[in-house]
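**Student:**
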Amino acid sequence: MRSLIGIAVAVMLGWGQRPEFADAARKQKVMGLAGEMDALFAKYFEQSQTPGLVYGVVVDGEVVHVQGWGVSDVEKKTPVGAETVFRIASMTKSFTALAILKLRDAGKLSLEDPVVKWVPEFAGTKLPTRDSAPVTVRQLLTHGAGFPEDNPWGDRQLGIADRKMGEWVDGGIPFSTPPDTAFEYSNYGFGLLGRIVAKVSGRSYESYLEQEILKPLGLKSATLEAGKAPAGRRAVGYGRRDGKYFEIASLPHGAFGAMGGLLIDARDLGKYVAYQLSAEPARDEAEAGPVKRSSLREMQRVWRMSGMRASREGATARGYGYGLGVSQTCEFERVVSHGGGLPGFGSYMMWLPQRGVGMFAMANLTYSGPSAPMMEALRLLEKKGAIPARRLAASPVLESTRKSLLQMWDKWDDKLMDKLAADNLYLDEPRERIAARFAELRGKYTGCRADAPLEPENWLRGEFRIDCEQGPVKVEFTLAPTKPPLVQYLRLFDGEAAKAGHSNRSCAGL
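In this note's numbering, the protein residues as written are 279 to 788.
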């Protein structure tokens, strides 16, 4: 009985409601712009002079478009297609993070565990200061262990033997910063995470990844061993020097494989991007993946800031989750992405959790990074109105509060306001002043109607507009964590302030 009452209260308050896409023609709109997106990637293909390139688009869990250019093998002139297998280098890091999170969710390790608990050889690493706390699993996941940035050194260590890596760790790892004080990209750190996966699971990193992550996701082309990919489908890696391509031998899987060893084709990489996108929004339906949706959302949030840039064109704040970069721009609420570069290959994946749209691209030229056309393509979709963000329906408690506030607009009522007010409201703004503000605007604006929809920011905060002959009046309110939720914040705006929206306010004025 208590659980049924709890469900009823949750429904009344709006808990369990989730944002939804209002446009049923989203996929068709995106596909209608496929030619323009192709043109952006074709331009990149020509300018970068990569032998081969493939990119794809994911919308609402489906790979809706894949297009390739060039060849996977310069000598054989094998065309690039959806089934061409590329090495994706550091994009492997998010797969390693999934393996760690699956073990964490099973209760087999904690992200706060000291690394030395699972990698005994790490005891040979002397911390840089006496007051340094032990290096943890979470710090490895977020590039915060304090190890030096190790591109391109780490790229060449992919195939080293476990024994050799153990000797290196036993001899100590130098620090470039104190642990947990800065973002410093470390391939070595993710090599250690692969070692932890093996230690905790009792099997090799390769075996655990294949059986617990890749196979459940149906990624049949994905492998850590280049030799396991069919020769006719595997892209050859190339460098370019003096205007000529030269082949780069594929590095074998080894102790650093967890940082960048995975190979995959476009169709399967698209499935992976779709899986990551499936984490949003939070909802009640059954889990469908090898790792919990809440853990996917956890790895796609900022755990460590990595930089910020502002200009007349806009601003971008960047951070790192678990094996994934996370940023916010004036155009997009949240961008999740990661690139991959190794001798012979370059790749990138990017998705917009609130828009349900993602892209990916792979090329077979050293450190080619097809991120620029990807962002251009997403901006194109945004500009053309093809990928509006999910909209959250107003919760019943927000709607009922709006109805009461509109009654107050029509005719002030002390008793009704007292029923709405949380105990802090009159302390912050006396009731008489609130009543005076209502009266001031009611006298200033005439011919008003309140048929504009309520715009929720979340289940307990929202705003609505009252349209009048002289212009709009905007009402913003926030409900307190009380049962029932009462009004803790209430403001009425007119003039220019009433016309401003609440989304991406941080970019206003840039």
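Ideal Cβ placement from N, Cα and C applies to all residues, glycine included.
Once DSSP output is grouped into helix, strand and coil, what is the label at Ala699?
**Tutor:** Translated into positions along the sequence shown, residue 699 becomes position 421. Of the three classes helix, strand and coil, the one that applies to Ala699 here is strand, per DSSP.
**Student:** Excluding the five sequence neighbours on either side, which residues of its own chain have a C-beta within less than 6 Å of the C-beta of Ser499, listed in chain order?
**Tutor:** Indexing the sequence shown from 1 puts residue 499 at position 221. Contacts found: Val363, Ile542, Asp543 and Asp546.
**Student:** Rounded to whole angstroms, what is the Cα-Cα separation between Pro508 and Glu353?
**Tutor:** On the sequence shown, residue 508 is found 230 positions in, with the first residue counted as 1. On the sequence shown, residue 353 is found 75 positions in, with the first residue counted as 1. Near 17 Å, if we compare the C-alpha coordinates of Glu353 and Pro508.
**Student:** Find the nearest neighbour of Gly647 within the set Arg769, Leu658 and Gly624, judged by alpha-carbon distance.
**Tutor:** In the sequence shown, residue 647 corresponds to position 369, counting from 1. Closest by alpha carbon: Gly624.
**Student:** From Val397 to Arg473, what does the alpha carbon distance come to, in whole angstroms?
**Tutor:** Mapped onto the sequence shown, residue 397 falls at position 119. Mapped onto the sequence shown, residue 473 falls at position 195. If I take the Cα positions, the gap works out to 7 Å.
**Student:** With distance defined between alpha-carbon atoms, name the residue in Gly740, Met537 and Ala699 nearest to Ala367.
**Tutor:** The residue given as residue 367 occupies position 89 in the sequence shown. Ranking Gly740, Met537 and Ala699 by Cα distance to Ala367 puts Met537 first.
**Student:** Evaluate Thr356 with the Cβ neighbour count: other Cβ atoms within 10 Å of its Cβ, from every protein chain shown; 16 or more gives buried, anything less gives exposed.
**Tutor:** In the sequence shown, the residue the question calls residue 356 occupies position 78. Answer is buried; the Cβ neighbour count reaches 16.
**Student:** On the DSSP letters alone, give me the boundaries of the beta strand (DSSP E) that Tyr516 sits inside.
**Tutor:** Position 238 of the sequence shown, counted from the first residue, corresponds to residue 516. Element bounds for Tyr516: Gly515 to Arg519.
**Student:** Please classify Pro631 as buried or exposed, where buried requires at least 16 neighbouring CB atoms within 10 angstroms.
**Tutor:** To locate residue 631, count along the sequence shown from 1; it is residue 353. When all chains shown are included, Pro631 counts as buried.
**Student:** Could you check which residue in Ser572, Val394, Leu376 and Lys549 has the C-alpha nearest to that of Ala560?
**Tutor:** For this step, residue 560 is matched to residue 282 along the sequence shown. Answer by Cα proximity: Ser572.
**Student:** Can Tyr598 and Ser584 be called in contact, C-beta distance under 8 Å?
**Tutor:** Position 320 of the sequence shown, counting from 1, holds the residue named residue 598. Position 306 of the sequence shown, counting from 1, holds the residue named residue 584. Yes, the Cβ-Cβ distance between Tyr598 and Ser584 is below 8 Å.
**Student:** Can you tell me whether Pro398 is helix, strand or coil according to DSSP?
**Tutor:** Translated into the one-based positions of the sequence shown, residue 398 becomes position 120. Pro398: helix per DSSP, three-state reduction.
**Student:** Using a threshold of 8 Å, state whether the C-beta atoms of Gln748 and Lys777 are closer than that.
**Tutor:** In the sequence shown, the residue the question calls residue 748 occupies position 470. In the sequence shown, the residue the question calls residue 777 occupies position 499. Judged by their CB atoms, Gln748 and Lys777 are not nearer to each other than the 8 Å cut-off.
**Student:** Using beta-carbon positions only, say whether Gly496 and Gly334 come within less than 8 Å of one another.
**Tutor:** As a working mapping, residue 496 is identified with position 218 in the sequence shown. As a working mapping, residue 334 is identified with position 56 in the sequence shown. In this structure, Gly334 does not lie closer than 8 Å to Gly496 by Cβ.
**Student:** With burial defined as no fewer than 16 other Cβ atoms inside 10 Å of the residue's Cβ, what is the status of Pro759: buried or exposed?
**Tutor:** Here residue 759 refers to the residue found at position 481 of the sequence shown. That one is exposed.
**Student:** Across which residues does DSSP place Asn642 in a beta bridge pair?
**Tutor:** Taking the first residue of the sequence shown as position 1, residue 642 is located at position 364. DSSP lists no partner for Asn642.
**Student:** Taking buried to mean at least 16 other C-beta atoms within 10 Å of its own C-beta, is Arg590 buried or exposed?
**Tutor:** For the purposes of this step, residue 590 is taken as the residue at position 312 of the sequence shown. Exposed, since its Cβ has fewer than 16 Cβ neighbours within 10 Å.
**Student:** What are the residues that DSSP puts in a beta bridge with Ile526?
**Tutor:** Translated into positions along the sequence shown, residue 526 becomes position 248. According to DSSP, Ile526 bridges with Gly515.
**Student:** DSSP has Trp629 in a bridge; who is on the other side?
**Tutor:** One-based indexing of the sequence shown puts residue 629 at position 351. Answer by DSSP bridge pairing, in chain order: Val614 and Gly636.
**Student:** Roughly how many whole angstroms lie between the Cα atoms of Ala714 and Lys752?
**Tutor:** Working through the sequence shown from its first residue, we reach residue 714 at position 436. Working through the sequence shown from its first residue, we reach residue 752 at position 474. Answer to the nearest angstrom: the Cα atoms are 16 Å apart.
**Student:** For the beta strand (DSSP E) containing Phe755, name the first residue and the last one.
**Tutor:** In the sequence shown, the residue the question calls residue 755 occupies position 477. Unbroken beta strand (DSSP E) run through Phe755: Gly749 to Leu757.
**Student:** Could you compute how far the alpha carbon of Asp772 sits from the alpha carbon of Ser682?
**Tutor:** The sequence position of residue 772 within the sequence shown is 494, counting from 1. The sequence position of residue 682 within the sequence shown is 404, counting from 1. Distance between the alpha carbons of Asp772 and Ser682: 20 Å.
**Student:** May I ask you to list the residues that DSSP assigns as paired with Pro392?
**Tutor:** Translated into the one-based positions of the sequence shown, residue 392 becomes position 114. DSSP lists Thr414 as partners of Pro392.
**Student:** Classify Ser605 as helix, strand or coil using the three-state DSSP reduction.
**Tutor:** In the sequence shown, residue 605 corresponds to position 327, counting from 1. In the structure shown, Ser605 sits in a strand (DSSP, three-state: E or B).
**Student:** Excluding five sequence neighbours on each side, which residues of the same chain lie with their C-beta closer than 6 Å to the C-beta of Ser615?
**Tutor:** For the purposes of this step, residue 615 is taken as residue 337 along the sequence shown, with counting starting at 1. Gly603 and Met628, listed in sequence order.
**Student:** I think Tyr516 touches Asn642, with their Cβ atoms under 8 Å apart; what is that distance to the nearest whole Å?
**Tutor:** Locating residue 516 in the sequence shown gives position 238, where the first residue counts as 1. Locating residue 642 in the sequence shown gives position 364, where the first residue counts as 1. Cβ atoms of Tyr516 and Asn642 come within 8 Å of each other, at about 6 Å.
**Student:** Can you give the Cα-Cα distance for Val336 and Glu718, rounded to whole angstroms?
**Tutor:** In the sequence shown, the residue the question calls residue 336 occupies position 58. In the sequence shown, the residue the question calls residue 718 occupies position 440. Near 51 Å, if we compare the C-alpha coordinates of Glu718 and Val336.
**Student:** Mapping the DSSP letters down to three states, classify Tyr486 as helix, strand or coil.
**Tutor:** In the sequence shown, the residue the question calls residue 486 occupies position 208. Tyr486: helix per DSSP, three-state reduction.
**Student:** Quick one: Cα of Ser326 to Cα of Ser388, how far?
**Tutor:** Taking the first residue of the sequence shown as 1, we reach residue 326 at position 48. Taking the first residue of the sequence shown as 1, we reach residue 388 at position 110. If I take the Cα positions, the gap works out to 43 Å.
**Student:** The beta strand (DSSP E) that contains Asn736, what's its start and end?
**Tutor:** What you label residue 736 is simply residue 458 of the sequence shown in a count that begins at 1. Element bounds for Asn736: Glu733 to Asn736.
**Student:** Suppose the cutoff is 6 Å on Cβ atoms and the five residues either side in sequence are ignored; what does the same chain contact list for Phe638 look like?
**Tutor:** Residue mapping note: residue 638 aligns to position 360 of the sequence shown, counting from 1. Answer for Phe638: Gly334, Leu547, Val551 and Met627, listed in chain order.
**Student:** Excluding the 5 residues preceding and the 5 following Glu558 in the sequence, name in chain order all residues of the same chain whose CB lies nearer than 6 Å to its CB.
**Tutor:** Within the sequence shown, the letter at position 280 stands for residue 558. Around Glu558: Pro631.
**Student:** On a CA-only basis, which of Val415, Ser350, Ser528 and Ala504 is nearest Val475? Give me that one, please.
**Tutor:** Here residue 475 is taken as the residue at index 197 of the sequence shown, counted from 1. Checking every option, the nearest Cα to that of Val475 belongs to Val415.
**Student:** Can you tell me which of the three DSSP states Asp316 falls into?
**Tutor:** By 1-based counting over the sequence shown, the position of residue 316 is 38. Taken through DSSP and simplified to helix, strand or coil, Asp316 comes out as helix.
**Student:** For the beta strand (DSSP E) holding Ile744, just list the boundary residues, first then last.
**Tutor:** Taking the sequence shown and counting its residues from 1, one reaches residue 744 at position 466. Unbroken beta strand (DSSP E) run through Ile744: Arg739 to Cys746.
**Student:** With three or more beta-carbon pairs closer than 8 Å as the criterion, would you say the stretch 483-494 touches the stretch 399-408?
**Tutor:** No, the stretch 483-494 does not touch the stretch 399-408.
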